[in-house]
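**Student:**
2 protein chains.
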Amino acid sequence: MKYGIAIFPSKDIQDVANSYRMRYDPHYALIPPHITLKEAFEEDDEDIEKVVKELSEVAKETNPFSFAIRKLSTFSPVTNTIYMKVEASEELQNLHERLNRTDIPKEDTFNFVPHITIAQKLSDDEHSDVYGSLQMKSFEFEERIDRFQLLYQLDNGSWTVYETFRLGKG
Amino acid sequence: MKYGIAIFPSKDIQDVANSYRMRYDPHYALIPPHITLKEAFEEDDEDIEKVVKELSEVAKETNPFSFAIRKLSTFSPVTNTIYMKVEASEELQNLHERLNRTDIPKEDTFNFVPHITIAQKLSDDEHSDVYGSLQMKSFEFEERIDRFQLLYQLDNGSWTVYETFRLGKG
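Listed in order, the protein sequences are those of chains A and B. Going by our numbering, the first sequence opens with residue 1, and the numbers climb by one from there. Going by our numbering, the second sequence opens with residue 1, and the numbers climb by one from there.
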């Protein structure tokens, strides 16, 4: 089965993100707005409890932390993806590193750029239009993160939560 | 914020349910296939941690249990909703009752008929067509449940998981 690890930001951020995703993100209906902590990886169902145990350990050793969003950014020209840039606190970087140092299969192939996608798979023209008009808006959030989620993917591409891990609690 | 409590069945059941929901359930994109344990209720964000504590207690006192699906059924004529009938084990009934005996606001207004919706908001004609043709198919599942989820609703009507509760663990 295909699993992934993500953080759901507050309802406020999710509602703002969805107001754009609805129009500009074909993954809108597949998963709530999120910060990906670990890209999708394959794991046997029989082994997922080992992963859960490891994630509990990582969560227990990580304290809740805050992050800020101050602006939008884009992965263009690599992909036409527009996102809320999550200012990388040291804790978030450490959490990402810890998750990639476990026995969980597959190291992430990209550099870790914490973000919340609000638009993707745009044509070049759409991308410059949307990015241009969104840059006139203000995106300012600051919030505390105290959990992350292990999810699995269904055949239709959508994601279901398997388990929640509270930081500092295990 | 609006919260709800649900069980996600296995990926196998979710995939089968989604293959019908895709066409026949306007809530398809809002939440994965699920068994509702407690209908949506309003709770202040500041008080949700009290609810979490209560749910942890209930989870700890409830052992994992099995359930079976043997056939489809419908809520017609009350609503044109077609569902996989979850054969109500005593444990599932008890869990539902325990969740309604907590301080969590709002007792459920309907009798507890555990089910996984696969079609809803059909016209009368659609309902009899779809129900007629689906009844020729076999729906046979048996599986073990070891967790439930507390979710909250976003402005677009979709649901995000807030926390997972493992049965027998708290």
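Glycine residues also receive a C-beta, built at the ideal position from the N, C-alpha and C atoms. Only a predicted model underlies this, so the values are computations on that prediction, with no experimental measurement involved.
Return helix, strand or coil for Ala-29(A), following the three-state DSSP convention.
**Tutor:** As a working mapping, residue 29(A) is identified with position 29 in the first sequence. Looking at Ala-29(A) - three-state DSSP - the assignment turns out to be coil, as it is neither helix nor strand.
**Student:** In the DSSP assignment, what residue or residues form a beta bridge with Lys-85(A)?
**Tutor:** The sequence position of residue 85(A) within the first sequence is 85, counting from 1. The partner list for Lys-85(A) (beta bridge, DSSP) reads His-115(A).
**Student:** To the nearest angstrom, how far is it from the Cα of Tyr-3(B) to the Cα of Pro-114(A)?
**Tutor:** Residue numbering aside, residue 3(B) sits at position 3 when the second sequence is read from its first letter. Residue numbering aside, residue 114(A) sits at position 114 when the first sequence is read from its first letter. Roughly 28 Å separates the two Cα atoms.
**Student:** By how many angstroms is the C-alpha of Ile-82(A) removed from the C-alpha of Thr-36(B)?
**Tutor:** Taking the second sequence and counting its residues from 1, the one referred to as residue 36(B) is at position 36. Taking the first sequence and counting its residues from 1, the one referred to as residue 82(A) is at position 82. Answer to the nearest angstrom: the Cα atoms are 35 Å apart.
**Student:** Name the DSSP beta bridge partners of Ala-6(B), please?
**Tutor:** What you label residue 6(B) is simply residue 6 of the second sequence in a count that begins at 1. Thr-36(B) and Gln-149(B).
**Student:** Please work out which residues of its chain come closer than 8 Å, Cβ to Cβ, to Ile-13(A), disregarding the five sequence neighbours upstream and downstream, and give them in chain order.
**Tutor:** Here residue 13(A) is taken as the residue at index 13 of the first sequence, counted from 1. Answer for Ile-13(A): Pro-33, Ile-69, Met-84, Ile-116, Phe-141 and Glu-143, listed in chain order.
**Student:** Thinking Gln-149(A) and Val-161(B) are a contact (beta carbons under 8 Å), I'd like their distance in whole angstroms, please.
**Tutor:** Mapped onto the first sequence, residue 149(A) falls at position 149. Mapped onto the second sequence, residue 161(B) falls at position 161. Right, the Cβ-Cβ distance comes to about 6 Å (below 8 Å), so this counts as a contact.
**Student:** Quick check on Val-16(B): does DSSP put it in helix, strand or coil?
**Tutor:** Mapped onto the second sequence, residue 16(B) falls at position 16. Looking at Val-16(B) - three-state DSSP - the assignment turns out to be helix.
**Student:** If we call anything under 8 Å between Cβ atoms a contact, is Phe-65(A) one with Ile-5(A)?
**Tutor:** Mapped onto the first sequence, residue 65(A) falls at position 65. Mapped onto the first sequence, residue 5(A) falls at position 5. Cβ distance not < 8 Å, so Phe-65(A) and Ile-5(A) don't count as in contact.
**Student:** Just to confirm the assignment, what range does the alpha helix (DSSP H) spanning Ala-58(A) have?
**Tutor:** Against the first sequence, residue 58(A) aligns to sequence position 58. Looking at the sequence shown, residue 58(A) is not Ala but Val. Element bounds for Val-58(A): 48 to 60.
**Student:** Look up Val-130(B) in the DSSP assignment and say whether it is helix, strand or coil.
**Tutor:** Position 130 of the second sequence, counted from the start, is the residue given in the question as residue 130(B). Correct three-state label for Val-130(B): helix.
**Student:** Between Asn-58(A) and chain B, is the shortest Cβ-Cβ distance under 8 Å, so that the two count as touching?
**Tutor:** By 1-based counting over the first sequence, the position of residue 58(A) is 58. The identity of residue 58(A) in the sequence shown is Val, whereas the question assumes Asn. For Val-58(A), the answer is no, since every Cβ of chain B falls outside 8 Å of its Cβ.
**Student:** Rounded to whole angstroms, what's the CA-CA distance from Ile-118(B) to Glu-90(A)? Just pull it up for me.
**Tutor:** The residue given as residue 118(B) occupies position 118 in the second sequence. The residue given as residue 90(A) occupies position 90 in the first sequence. The alpha-carbon atoms of Ile-118(B) and Glu-90(A) are separated by roughly 45 Å.
**Student:** Would you identify the three-state DSSP class for Glu-143(A), choosing helix, strand or coil?
**Tutor:** As a working mapping, residue 143(A) is identified with position 143 in the first sequence. In the structure shown, Glu-143(A) sits in a strand (DSSP, three-state: E or B).
**Student:** For Lys-11(A), name the three-state secondary structure that DSSP assigns.
**Tutor:** If you number the first sequence from 1, residue 11(A) lands on position 11. Of the three classes helix, strand and coil, the one that applies to Lys-11(A) here is helix, per DSSP.
**Student:** Determine whether the beta carbon atoms of Thr-62(A) and Leu-167(A) lie at a separation below 8 Å.
**Tutor:** Indexing the first sequence from 1 puts residue 62(A) at position 62. Indexing the first sequence from 1 puts residue 167(A) at position 167. Contact: yes.
**Student:** For the stretch 41 to 53 of chain A, enumerate the residues whose C-beta is nearer than 7 Å to any C-beta of chain B, in chain order.
**Tutor:** Residues: none.
**Student:** Between which residues of its own chain and Met-1(A) is the CB-CB distance below 7 Å, once the five residues before and five after are set aside?
**Tutor:** Indexing the first sequence from 1 puts residue 1(A) at position 1. Correct list, in chain order: Glu-43, Asp-45 and Tyr-152.
**Student:** Could you tell me which of Glu-126(B), Arg-98(B), Asp-155(B) and Phe-8(B) sits nearest to Tyr-24(B), measuring between CA atoms?
**Tutor:** Start at 1 with the first residue of the second sequence, and residue 24(B) comes out as number 24. Comparing Cα-Cα distances from Tyr-24(B) to each of Glu-126(B), Arg-98(B), Asp-155(B) and Phe-8(B), the minimum goes to Glu-126(B).
**Student:** Decide if Glu-49(B) is buried, meaning its Cβ has at least 16 other Cβ atoms within 10 Å, or exposed.
**Tutor:** By 1-based counting over the second sequence, the position of residue 49(B) is 49. With fewer than 16 other Cβ atoms within 10 Å, it is exposed.
**Student:** Using a beta-carbon distance below 8 Å, is Leu-154(A) in contact with chain B?
**Tutor:** Indexing the first sequence from 1 puts residue 154(A) at position 154. Answer yes: the Cβ-Cβ gap between Leu-154(A) and chain B drops below 8 Å somewhere.
**Student:** With Leu-154(A) as the anchor, note down where its alpha helix (DSSP H) starts and where it stops.
**Tutor:** Counting from one through the first sequence, the residue named residue 154(A) turns up at place 154. Counting along the chain, Leu-154(A) falls outside any alpha helix (DSSP H), and DSSP gives it neither H nor E.
**Student:** To which residues does DSSP link Arg-184(A) through a beta bridge?
**Tutor:** Summary: the structure shown does not reach residue 184(A), with chain A confined to residues 1 through 170, and so no result is reported for it.
**Student:** Of all Cβ atoms in chain B, is any one closer than 8 Å to the Cβ of Asp-15(A)?
**Tutor:** For the purposes of this step, residue 15(A) is identified with residue 15 of the first sequence, where counting begins at 1. Yes, Asp-15(A) counts as interfacial toward chain B.
**Student:** Assuming Ser-123(B) contacts Ile-31(B) (C-beta within less than 8 Å), just tell me the rounded distance between them.
**Tutor:** Working through the second sequence from its first residue, we reach residue 123(B) at position 123. Working through the second sequence from its first residue, we reach residue 31(B) at position 31. No, Ser-123(B) and Ile-31(B) are not in contact; Cβ-Cβ is about 23 Å, not under 8 Å.
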